[in-house]
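Here the protein sequences come in this chain order: C and P. So for the first sequence, our numbering puts the first residue at 1; every next one is plus one. So for the second sequence, our numbering puts the first residue at 507; every next one is plus one. All C-beta atoms, glycine included, are put in the ideal place defined by N, C-alpha and C. These numbers were taken from a predicted model, which means no experiment stands behind them. Presented below is the structure to which this report refers.
Number of protein chains: 2
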Amino acid sequence: MDITKTLSGIHLNAALSLPLYLQIVTALTVKIQDCTLPAGSKLPPERELSRLLGVSRTTVINAYSLLEERGLVSTRVGSGTFVSSEPAATGSPSPTMPWEQLFTPGYKAPLSSIMRSIIASPTADDTISMAAGMPDPAFYPVDMIHALLDSRRHSLDLADLGLIATEGYLPLRRSIAAWQSRLGKTASPEQILVVSGSQQGLFLIVKSFIEPRDYVILESPTYLGAIQVLEAAGARLLCLPSAGKLDLEIFEDYLIRYRPKFFYTMSDFQNPTGRVMSLSDRQELIRLAARHRLAIIEDDPYSLLYYGSPPPPSLKQLDTYGGVIHIGTFSKTLFPGLRTGWVHAAAPVINRLAQEKQYVDLHSHNLAQLILHTCLEENALTPHLAKVRREYKNRRNAMAAAIRKYCSPAMDFDLAEGGLYLWGRLTPAISPTELLRQAATLGISFVPGDAFYAHGAASHEIRLCFATHDEERLNEGIRRLGRALAATGATAATSVSPPAAGRPII
Amino acid sequence: MDITKTLSGIHLNAALSLPLYLQIVTALTVKIQDCTLPAGSKLPPERELSRLLGVSRTTVINAYSLLEERGLVSTRVGSGTFVSSEPAATGSPSPTMPWEQLFTPGYKAPLSSIMRSIIASPTADDTISMAAGMPDPAFYPVDMIHALLDSRRHSLDLADLGLIATEGYLPLRRSIAAWQSRLGKTASPEQILVVSGSQQGLFLIVKSFIEPRDYVILESPTYLGAIQVLEAAGARLLCLPSAGKLDLEIFEDYLIRYRPKFFYTMSDFQNPTGRVMSLSDRQELIRLAARHRLAIIEDDPYSLLYYGSPPPPSLKQLDTYGGVIHIGTFSKTLFPGLRTGWVHAAAPVINRLAQEKQYVDLHSHNLAQLILHTCLEENALTPHLAKVRREYKNRRNAMAAAIRKYCSPAMDFDLAEGGLYLWGRLTPAISPTELLRQAATLGISFVPGDAFYAHGAASHEIRLCFATHDEERLNEGIRRLGRALAATGATAATSVSPPAAGRPII
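So, in structure tokens, the structure goes:
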């Protein structure tokens, strides 16, 4: 390769405020990174390059020494300057900064790259993922949203795209309040905070209420995103035993002995179990919480995704003492990329959460808020919900039938009346982790139950999402799961230590 | 009013899972809140309502007692049930929850409602606000964005609207990296984290590095959003004295005596002063920071908004030791509602920030990321930047001329070579707070300099944004400011204690 020709293509501009030596560094860095100058290439001697580019020799010396500092070239005495055989291909400067010493203490459970890769692309490749809690992209109402944007386009007040209040775009706060009131959860705009996805609602609540060593009551199993945020905040987790019915005796005992800051619950179609809290449990829970002035965080991504009758009134609807904080989201009903949810709570809570939110991201993004306001105003959510309820019900039924056909008796489950998941219970001989390994080789995935337990309890359960794929693909996925179950049952005697996997947020 | 007629309009549905008594409560609550049932109205006796609605008397008793618990009605023995004279008009349940006792300790500086209202609507009413750091909504390239969305529409992979990686939409990370590399800041996608506005970048950095009582070096004055986030995290702030030149002697003294976690700086067109750090200061700063392994946070909202020659190479460009963390944003160049910025740093830093971000909001919202990726790919930012540079330069010049005309000698300033602000210095006889009060009565606003100092230093400076209004309106605004200055100078002898105002984020 004619290096001289390659290098003479570099144009320097003395009029720029960027010094010439840095212009040379930039040009050479690009050529090294795109392999125009491959590893091992010998660069021209300083004198030659200075002549070639019409700059002083000092300029070239400065450029070469900066490139060397950055690990992109190395100088061998007597031989010259060479492109490093391991150029920092990512452009990373050499790790002279002791970053690990500067960080605040990390969390116990870094995300496992295995789990992340399983969840990262639930629809992209040939693997049938039943892991992520994702709606089917085929149902994302993109045309509806485009139409809403178009209809809004000419009435758009440009100032609505500027800085807005931390609490949210006021017309959207109004339309969420009106919509919630129609659903029975009497709300006013002052009680609504728009958040960047319900995950942010949860984060802000934890930030506003939890100091290290505060107690919190959780269902067990429960949403692993909640476990993660609470653990990261240093909360101590009081888990209610896993059962169909809320154990209110233990609950009251926790209230009296630990004075917890709040109870985190998904009353409708819980993630991961799909369970619905009974009306009588809800009423008794509210009674107890009111007596003890216990705040309840009711995380509600799924209540509108019911496949029979709607669930009982929410805790927020039954709230007699003003202590229920309700979190909603459009991520499961429309699509996750909107990253828009809301918190519905008493005004003092909204004020405090807004104060925290201001530091986190000033305010949620405006485009999605405009879209969602229009969507609610034009009642566009209702037909969309009717459609996805019908479709997901068919998928749930298809998955259930396939499990009965291919996975009995190694796994059973309860038929969830809504939401996105079936919660499978494996016969004790089968390890979910080992099953996941087998499944991966067969091109399917799911989430092992352990991820949903706070204290690393060993679970013989798995979570299967039935929403992401169509019935045929779900049937094929469960057929493969049946094969994986058979293979794992056969090898179950071989004990396998679980991987040191963290918990993905899903 | 015929209550009976009003109430007979209530339709109950026994087939719903919502119990009848709650259906009644919901219907009555709506009527009370929209004043169909005004305060003081007498509700029918239980027996009568049960007949009217065709439900059992127990159902009505349950409904009335829940309404009473919620403070919406009250029962007077012997008289009947009446709509409360103070129905919780906002729908707030009576404040039986001791929220203030449950919250984590708050911040010292709650937002002042005066300041918030000044900043809230910089373009909406007749007040000429020079307070918020806002681009002019008239320049928001909405048609461009619409065209980009349209061009993308049919090639849209719907999965791109689902859950994506916490680090950001990979095509956008790639196009930001390529764009930054073209600007001289050699970057690879692994070194880019997409964040929900640069404020979030700052928040995540503070969360990753700062524990209570850690030291941080700041310029003084500096961006008040940074002061707020750092104070909230319990950092101890080491301020560099306010001067045109970086005082590197004090800087090194700080490094040696306090071992600070990082230095937060805006090297280009600083907020609020508009200053640019000189190339030699930058080089010396990097040399010092490299020796002490000090991380530098280079917050850069303004470097592309230059009105003469571009600023010198950024600290990130000059970074020899991998310690510079660069924060960028599209909020000032395109529009704030996009809420999309990025952090450019060494891969270990990006990994840690992504871990924190996962808890905060999972990932940034997809629509803006798609739009911005298309914008960079089609080079649409470049002509837009050329336009706003031209326009804002004219506005800066218009504001400067008006200040010379109307405000001399009570105020002087340096002509900023870029960014959005002029930083006015008042003669000592004038209090910025008193000036703001006068200004408000004349229909203009600005930010008093105190807001930009960490330790509540009394400042005789004010920040004026020249980007939000056109030349004519700016001229009128400054003319009024001149009148306010004159009035305040005359009354300056009357000492006014500054309000207990917190700092708005702007």
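Say whether chain P places a C-beta atom closer than 9 angstroms to the C-beta of residue i.
{"i": "His469/C", "result": "no"}
{"i": "Trp99/C", "result": "yes"}
{"i": "Gly197/C", "result": "yes"}
{"i": "Ser207/C", "result": "Before going on, a small fix: residue 207/C reads as Lys here, not Ser. Closer than 9 angstroms to some Cβ of chain P, the Cβ of Lys207/C qualifies, so yes."}
{"i": "Gly328/C", "result": "no"}
{"i": "Arg293/C", "result": "yes"}
{"i": "Val55/C", "result": "no"}
{"i": "Leu20/C", "result": "no"}
{"i": "Arg507/C", "result": "An answer regarding residue 507/C cannot be provided, because it is not within the stretch 1 to 506 covered by chain C."}
{"i": "Ile269/C", "result": "A quick correction: the sequence has Phe, not Ile, at residue 269/C. No, because no Cβ of chain P sits closer than 9 angstroms to the Cβ of Phe269/C."}
{"i": "Val388/C", "result": "no"}
{"i": "Asp160/C", "result": "yes"}
{"i": "Tyr307/C", "result": "no"}
Please state whether the Cβ-Cβ distance between residue i and residue j is less than 9 angstroms.
{"i": "Leu426/C", "j": "Ala410/C", "result": "yes"}
{"i": "Gly328/C", "j": "Asp300/C", "result": "yes"}
{"i": "Pro135/C", "j": "Val388/C", "result": "yes"}
{"i": "Gln200/C", "j": "Ile350/C", "result": "no"}
{"i": "Leu481/C", "j": "Cys407/C", "result": "yes"}
{"i": "Gly639/P", "j": "Thr846/P", "result": "no"}
{"i": "Lys751/P", "j": "Asp720/P", "result": "no"}
{"i": "Ala990/P", "j": "Leu941/P", "result": "yes"}
{"i": "Ser657/P", "j": "Leu878/P", "result": "no"}
{"i": "His365/C", "j": "Ala874/P", "result": "yes"}
{"i": "Arg396/C", "j": "Tyr306/C", "result": "no"}
{"i": "Val700/P", "j": "Tyr729/P", "result": "no"}
Specify, as a first and last residue, the run of the alpha helix (DSSP H) that residue i falls within.
{"i": "Phe768/P", "result": "Where Phe768/P is concerned, there is no enclosing alpha helix (DSSP H), although the beta strand (DSSP E) it sits in stretches over 768 to 771."}
{"i": "Leu518/P", "result": "Taken as a continuous stretch (DSSP letters only), Leu518/P belongs to no alpha helix (DSSP H), as it is neither H nor E."}
{"i": "Leu970/P", "result": "Unbroken run through Leu970/P is the beta strand (DSSP E), 967 to 971; no alpha helix (DSSP H)."}
{"i": "Ser65/C", "result": "57 to 69"}
{"i": "Val894/P", "result": "887 to 912"}
{"i": "Val73/C", "result": "Unbroken run through Val73/C is the beta strand (DSSP E), 73 to 76; no alpha helix (DSSP H)."}
{"i": "Leu868/P", "result": "Segment: none, Leu868/P is in no alpha helix (DSSP H) and carries neither H nor E."}
{"i": "Ile733/P", "result": "730 to 738"}
{"i": "Glu100/C", "result": "99 to 102"}
So that I know if they touch, is there some Cβ in chain C lying closer than 9 angstroms to that of residue i?
{"i": "Ala957/P", "result": "no"}
{"i": "Arg763/P", "result": "no"}
{"i": "Val953/P", "result": "no"}
{"i": "Met636/P", "result": "no"}
{"i": "Ala653/P", "result": "no"}
{"i": "Gly829/P", "result": "yes"}
{"i": "Ile1011/P", "result": "Confidence in Ile1011/P is poor, its pLDDT being 40 and thus under 50, which makes the residue's placement too unreliable to answer from."}
{"i": "Pro593/P", "result": "With a pLDDT of 45 at Pro593/P, under the threshold of 50, the predicted position of this residue should be treated as unreliable, and no value is reported."}
{"i": "Arg979/P", "result": "no"}
{"i": "Gln944/P", "result": "no"}
{"i": "Phe609/P", "result": "yes"}
{"i": "Lys767/P", "result": "yes"}
{"i": "Asn872/P", "result": "yes"}
{"i": "Leu518/P", "result": "no"}
{"i": "Leu572/P", "result": "yes"}
Got a sec, what are the start and stop residues for the beta strand (DSSP E) residue i sits in?
{"i": "Thr81/C", "result": "80 to 83"}
{"i": "Gly930/P", "result": "927 to 932"}
{"i": "Met411/C", "result": "411 to 413"}
Give the DSSP bridge partners of residue i, in chain order.
{"i": "Pro448/C", "result": "Ile462/C"}
{"i": "Leu526/P", "result": "For Leu526/P, which the question treats as bridged, DSSP gives no partner whatsoever."}
{"i": "Tyr812/P", "result": "Gly924/P"}
{"i": "Cys239/C", "result": "Leu218/C"}
{"i": "Ile634/P", "result": "Ile950/P"}
{"i": "Leu549/P", "result": "Thr587/P"}
Determine, for residue i, whether the minimum Cβ-Cβ distance to residues of chain A falls below 9 angstroms.
{"i": "Ala852/P", "result": "Of the protein chains in the structure, C and P, none is chain A."}
> Taking the runs of the beta strand (DSSP E) that are 3 residues or longer, which of them lie wholly in the stretch 146 to 219 of chain C?
Replying inline: 192 to 195, 215 to 218
> Whole beta strand (DSSP E) runs in the stretch 825 to 855 of chain P with 3 or more residues, listed along the chain?
Replying inline: 830 to 835, 847 to 850
> In the stretch 241 to 303 of chain C, which residue ranges form an unbroken alpha helix (DSSP H) of at least 4 residues, counting only runs that do not cross its ends?
Replying inline: 248 to 258, 279 to 292
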